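Structure record follows, encoded as structure tokens.
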Amino acid sequence: MAKNIIVSNRLPIQLTKVDNSFRFTPTSGGLATGMNSVHQGQESLWIGWPGIDDDEAP
Numbered sequence: 002m003a004k005n006i007i008v009s010n011r012l013p014i015q016l017t018k019v020d021n022s023f024r025f026t027p028t029s030g031g032l033a034t035g036m037n038s039v040h041q042g043q044e045s046l047w048i049g050w051p052g053i054d055d056d057e058a059p
């Protein structure tokens, strides 16, 4: 079976640092809304930026 690989500048989630933990929030609009059905409809991998700088990442 084929696998979809989606590469974009944003992901369908946004990662936010809250105190000493991280919060995952779904993004809305544009690309995230349009590609989400493709991403969830079959085996796929979505590569992109989670909305946080690497010095804040876990």
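Throughout the sequence shown, residue numbering follows the numbering used here, covering 2 to 59 in sequence.
From the three backbone atoms N, C-alpha and C, an ideal C-beta is built for every residue, glycine too.
All figures in this text were calculated on a predicted structure; none of them were measured in a lab.
Per-residue burial, residue i [other beta carbons within 10 Å of its own, 16 or more giving buried]
| i | result |
| --- | --- |
| P13 | buried |
| A33 | buried |
Alpha-carbon spacing of residue i relative to residue j, whole angstroms
| i | j | result |
| --- | --- | --- |
| T40 | N5 | In the sequence as displayed, the identity of residue 40 is His instead of Thr. Answer to the nearest angstrom: the Cα atoms are 7 Å apart. |
| P51 | S22 | 15 Å |
| R11 | G35 | 13 Å |
| D54 | S29 | 20 Å |
Cβ shell of residue i (< 6 Å), same chain only, five flanking positions each side left out
| i | result |
| --- | --- |
| T26 | Q15 |
| T17 | R24 |
| Q43 | none |
Cβ neighbours of residue i in the same chain (closer than 8 Å, five flanking residues each side left out)
| i | result |
| --- | --- |
| S1 | A query on residue 1 cannot be resolved here, the shown segment of the chain reaching from 2 to 59 and no further. |
Spatial neighbours of residue i in its chain, beta-carbon cut-off 7 Å, leaving aside the 5 residues before and after
| i | result |
| --- | --- |
| S9 | L32, G49 |
| W47 | I7, L12, P13, H40 |
Complete runs of the beta strand (DSSP E) confined to the region 8 to 53 [at least 3 residues]: 14 to 19, 22 to 27, 45 to 48
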